[in-house]
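Q:
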């Protein structure tokens, strides 16, 4: 009996599987963690409101509204997330770290003031959502070896680490959008539309 337990423990350690204090086997892979993070940012109500929940009922006027002391609107933050999510997805798919003309991060928040209308806002929401869906599909279907692979030209980081940090980046800005939504709703008299 003890011999079987030792063998099982060795097998569990070699597979990267963990056992909790009660002896229950817990299998958590890098893929599962990344998929959970992406779902939380996209449309899964977990520890914080998802981007889908936050943006579903935002009007164009609310999306472009800025508060004193905050340089960006909800729409501008959505554009920023779209830019970086798509940039890193392209890098992940193509397995290359191409330069994108020395991107000025401030420019990623850009908003085309000639296209501030309901149709453009809906396209922005859809594009952000599609980006999360694309990431989830790619991660679900990629080999674990891809996630464990290193990016020599980017601090020799592993892909799983980059994707995890991308999720943290998304969560940070989703929090900003939630904050702005609350502020704009408190100041409805200052928002026209």
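Residue numbers (this note's numbering): 60 to 252.
Every residue, glycine too, gets a C-beta built ideally from N, C-alpha and C.
Please read these numbers as outputs of a predicted model, since none were measured by experiment.
Any C-beta of chain D sitting closer than 8 angstroms to the C-beta of residue 139?
A: No chain D is present in this structure, which holds just one protein chain.
Q: DSSP state of residue 216, grouped into three classes?
A: Strand at residue 216.
Q: Just how far apart, CA to CA, sit residue 118 and residue 201?
A: One C-alpha to the other measures close to 37 angstroms.
Q: With H, G and I counted as helix, E and B as strand and the rest as coil, what does DSSP make of residue 152?
A: Here residue 152 sits in helix by DSSP.
Q: Between the region 238-246 and the region 88-106, do three or more beta carbon pairs fall short of 8 angstroms?
A: Result no; under three Cβ-Cβ pairs closer than 8 angstroms.
Q: Using a Cβ-Cβ cut-off of 6 angstroms (strictly less than) and excluding sequence neighbours within five positions of residue 131, which residues of its own chain qualify?
A: Excluding sequence neighbours, residue 131 sits near 168.
Q: Have a look at the DSSP bridge pairing and note the partners of residue 123.
A: Bridge partners of residue 123: none, in fact.
Q: For residue 199, which residues of its own chain have a beta-carbon under 8 angstroms away from its beta-carbon, when the five flanking residues on both sides are left out?
A: Same-chain partners within the cutoff: 90 and 94.
Q: What would DSSP say about residue 117, mapped onto helix, strand or coil?
A: Correct three-state label for residue 117: coil.
Q: Cα separation between residue 142 and residue 206?
A: Cα to Cα, residue 142 sits roughly 21 angstroms from residue 206.
Q: Determine the direct distance from the alpha carbon of residue 203 to that of residue 124, and round the result to whole angstroms.
A: Rounded to the nearest angstrom, the two C-alpha atoms are 42 angstroms apart.
Q: So the alpha helix (DSSP H) residue 194 belongs to, where does it begin and stop?
A: Residues 177-200.
Q: How should residue 191 be labelled, buried or exposed, when 16 other C-beta atoms within 10 angstroms of its C-beta is the threshold for buried?
A: Buried, by the Cβ-count rule.
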